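Sequential numbering from 1329 applies to the sequence shown in the numbering used here. For glycine and all other residues, C-beta sits at the position ideal for the given N, C-alpha and C. Keep in mind it's a predicted model, so treat the numbers as computed, not measured. Beneath this line is the structure, given in structure tokens, with notes to follow.
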Amino acid sequence: MNFERIREKLNILADAAKYDVSCSSSGSKRKNTTKGLGDSSGMGICHSYTEDGRCISLLKILLTNHCIFDCAYCVSRKSNDIKRAGFKIQEVVDLTINFYRRNYIEGLFLSSGIFSSPDYTMERLIAVAKKLRLEENFNGYIHLKSIPGCSDELMREAGLYADRLSINIEIPTVSGLKLLAPEKDHKDFIKPIEKVKNEIIQYQADKKLIKNTPVYAPAGQSTQMIVGATGESDKDIMYSAVHYYSTYKMKRVYYSGYVPVLHDERLPALGTEVPMLRENRLYQTDWLLRFYGFDVRELLNNQHPNLDIDIDPKLSWALRNMNLFPVDVNKADKRMLARIPGLGMLSVNKILNARKYRRLNWENLKAIGIAMNRAKYFIVCDSKDWEHKDLEPAHIKSMILQSSQSKYQKMYNKQLRLFN
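Next comes the structure, spelled out in structure tokens:
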């Protein structure tokens, strides 16, 4: 094996994979100082989280950055003048096993540019997973990216060897995809997603009857949408996300802020990358929909098509619905407690448990750990202290902002203003 050539490929293809956020990632600090294979510093090691909360390291790479498509938003588009590289199937297998034996990783996140055809590319991705499972007896985590337009047969086979499958929707709307990737068809993205959903349902049904039914994609499937490449509002993005969650039973929808790396009249100008703050607000909204009982139409609608920049989505909703507040924490049900700014679900459950034994006052609530600088404007309890009445929403917002400072404030930039 030519170690220097492998290292060069790894640098190119790990860097190209960094734009996919379908697994939460951050770089490893460990270095190989002996010039051996397996330097994990900046070489494709990312972090993800298991269902039980453990943080695991994954080798995150592309099989190749060659691509037959010319999507305007993609750094690997065929017209872009960049270094190209491609791994052989056995090279990816060897890298994964060698990194695993050195305790650098616990799994593999493998994607690819589309070369030759969708089926040919998907066959090679599956071949890597199949070799790891059957020849190397590798039982670590494997996440494969599904290739738009590949056959149902290949999608079924992929789920037999991968823990999770994902296909990136890329642009939130059909019109946006047509603008930036006219060679692609939205239906080619939906077909494999539908197949995976149906196979998971079939597996769950078969498992009830036959105990040794082969496991199919036990970690489910996820998708990713690029934010800010086209003019979609936050409403457009989140309504699309809700559709994928409800229709295709997605485990996660990820939101990736577009990073301008190419000049194109259809795209935002270079230097106007989407700030982390906008991504953060979308993830907060996603969390409210999945865990706090909100309906997307409560948070985003024709009157409020974009999320507020300076306050989080729950606080924004509360300020628009002051007729529902203040809430008595000693009487309110779980659903209403979860809607109070400053209360997370852990605090909500603590309140429900604590009030079985006594009526709660401000000191009790502080001990539970709620964010008092926010919550005190929206609740009443077994005490008259700190009670705020008849305050205007703008006044409440001003006082909350004065008492807190967002870590994202320094990251505000021009593109935020496009969505005000």
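Which value, in whole angstroms, describes the spacing of the CA atoms of Arg1452 and Ser1568?
-> 30 Å
Go ahead and pull the three-state DSSP assignment for Lys1337.
-> helix
Mind checking which residues open and close the beta strand (DSSP E) that includes Thr1575?
-> Note, Thr1575: premise wrong, no beta strand (DSSP E); alpha helix (DSSP H) at 1562 to 1576.
Could you spell out where the beta strand (DSSP E) holding Thr1551 opens and where it closes?
-> 1549 to 1555
Short check: CB of Ala1457 to CB of Leu1472, under 7 Å?
-> yes
Specify, as a first and last residue, the run of the alpha helix (DSSP H) that Tyr1611 falls within.
-> 1604 to 1619
With DSSP run on the structure shown, which of helix, strand or coil describes Asp1638?
-> coil
Is it right to say Leu1386 is buried, meaning 16 or more other beta carbons lie within 10 angstroms of its own, or is it exposed?
-> buried
For the stretch 1389 to 1397 against the stretch 1429 to 1446, are there 3 or more C-beta pairs whose distance is under 8 Å?
-> yes
What are the uninterrupted segments assigned as alpha helix (DSSP H) that are 4 or more residues long and contained completely in the stretch 1698 to 1724, given in chain order?
-> 1700 to 1703
Let me know the secondary structure DSSP gives Asn1671 once reduced to three states.
-> The sequence shown places Leu at residue 1671, not Asn. Coil, per DSSP.
What residue from Val1587, Thr1501, Phe1427 has the CA that sits closest to Lys1346's CA?
-> Val1587
Provide the residue(s) that pair with Tyr1583 in DSSP beta bridges, ordered along the chain.
-> Met1553
Mapping DSSP to helix, strand and coil, what is Asp1534?
-> helix
Helix, strand or coil at Phe1517 [DSSP, three-state] | helix
If you draw a straight line from the C-alpha of Ala1486 to the C-alpha of Arg1683, how long is it?
-> 50 Å
Whole angstroms is fine: what's the gap from Leu1460's alpha carbon to Pro1654's?
-> 57 Å
Taking only the alpha-carbon atoms, compute the straight-line gap between Leu1729 and Arg1702 and give it to the nearest angstrom.
-> 9 Å
Can you give the beta carbon distance from Arg1609 to Val1555, rounded, assuming they're within the 8 Å contact cut?
-> The Cβ separation is near 10 Å, so there is no contact.
Measure the alpha-carbon distance for Tyr1469 versus Gly1435 and round it to whole angstroms.
-> 4 Å
Does DSSP put Asn1330 in a helix, a strand or coil?
-> coil
Spatially closest choice to Asn1408 from Leu1590, Asp1638, Leu1674, Val1657, by CA coordinates | Leu1590
Could you please give me the residues that DSSP links to Gly1477 through a beta bridge?
-> Paired residues: none, contrary to the question.
8 Å Cβ shell around Tyr1611 - same chain, five flanking residues per side excluded = Tyr1583
DSSP on Arg1648, reduced to helix/strand/coil?
-> helix
Which of the three DSSP states, helix, strand or coil, is assigned to Arg1492?
-> strand
In or out: Ser1538 buried (at least 16 other Cβ within 10 Å) or exposed?
-> Looking at the sequence itself, residue 1538 is Ile, so the reference to Ser does not match. That one is exposed.
Give me the Cα-Cα distance between Asn1651 and Trp1645, rounded to the nearest whole angstrom.
-> 11 Å
Go ahead and pull the three-state DSSP assignment for Phe1622.
-> coil
Do you know offhand how far His1723's Cα is from Pro1542's?
-> 59 Å
With distances taken between CB atoms, is the gap from Leu1628 to Pro1669 smaller than 7 Å?
-> no
Can at least three beta-carbon pairs, one atom from the stretch 1545 to 1559 and one from the stretch 1495 to 1504, be found at a separation below 8 Å?
-> yes
Could you check the C-alpha separation between Leu1693 and Leu1647 for me, to the nearest Å?
-> 21 Å
Are three or more beta carbon pairs between the stretch 1614 to 1625 and the stretch 1654 to 1668 nearer than 8 Å?
-> yes
At what residues does the alpha helix (DSSP H) containing Phe1427 begin and finish?
-> 1417 to 1429
What is the DSSP secondary structure of Glu1522, counted as helix, strand or coil?
-> helix
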